[in-house]
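In numbering that gives the first Met the number 0, the protein residues as written are 0 to 124.
All C-beta atoms in this analysis are idealised placements derived from N, C-alpha and C, irrespective of residue type, glycine included.
What you are looking at is a predicted structure, and each value in this text was computed from that prediction instead of being measured.
The structure appears right after this line, and notes come after that.
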Amino acid sequence: MTTLLIVDDSKLARIVIGKAIASLRPDWKKQEAGNADEALALIAEGEIDLAILDFNMPGRNGLELAADIRNAHPEMPIALATANVQDEIIAQARVLDVTFIPKPITDEGVKGFLGGAALKLRQRG
């Protein structure tokens, strides 16, 4: 079973992302974390296949978390959910091979990432 990690310090944002995932990939399991440390602890348990990260969080931001994940799991599909689309952030995300999902979250916004991630995960087997 595919397990997606939703990382956002806002419970409401996690619910919105979770609903979009449930409508598009009802067979996928969802885990939630409120910050980078919780996320890394869940990933260390080894059951996370892909992640959607908020950019603005207390402690480490989403790109810093993505860099940590990428070091340990170079193939994991990662998306950054943010309304903050500055060129510098986009450039850093590209270097880390992180997909953008615009906020506010919509089914359409996450659909492309989920489709690409599912394909990547199938190819890995």
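**OP:** Report all residues from its chain with a CB closer than 8 angstroms to the CB of P76; omit the five preceding and five following residues, and keep chain order.
**Re:** D48, L49, A50, T98, F112, G115, A116, K119, L120
**OP:** Give the straight-line distance between the Cα atoms of A92 and Q30, rounded to the nearest whole angstrom.
**Re:** 23 angstroms
Original post:
Any idea what DSSP makes of V6, helix, strand or coil?
Top reply: strand
Original post:
For the candidate residues T1, I16, K10, T2, whose alpha-carbon lies nearest to that of K125?
Top reply: Because the chain spans 0 through 124 in this model, residue 125 falls outside it and cannot be assessed.
Subject >> Host alpha helix (DSSP H) of E31 (start-end) >> reply: Segment 28-32 is the beta strand (DSSP E) holding E31; no alpha helix (DSSP H) there.
Original post:
Which residue's Cα is closest to the Cα of D7: I20, T1, L52?
Top reply: L52
**OP:** Starting from the C-beta of M0, find all residues in its chain whose C-beta is less than 8 angstroms away, skip the five residues before and the five after it, and write them out in chain order.
**Re:** D26, W27, K28
**OP:** For L39, I'd like the list of residues in its chain whose CB is within less than 7 angstroms of its CB, leaving aside the five on either flank, ordered along the chain.
**Re:** D67
**OP:** Would you decide whether L79 is buried or exposed? Buried here means 16 or more other CB atoms lie within 10 Å of its CB.
**Re:** buried
Original post:
Could you give the distance in angstroms between the alpha-carbon of R69 and the alpha-carbon of A43?
Top reply: 13 angstroms
Subject >> Selection from N55, I5, A19 that minimises the alpha carbon distance to V84 >> reply: N55
**OP:** Entirely within the stretch 17-64 and at least 3 residues each: give me those beta strand (DSSP E) ranges in chain order.
**Re:** 28-32, 49-53
Original post:
L4: buried (16+ other C-beta within 10 angstroms of its C-beta) or exposed?
Top reply: buried
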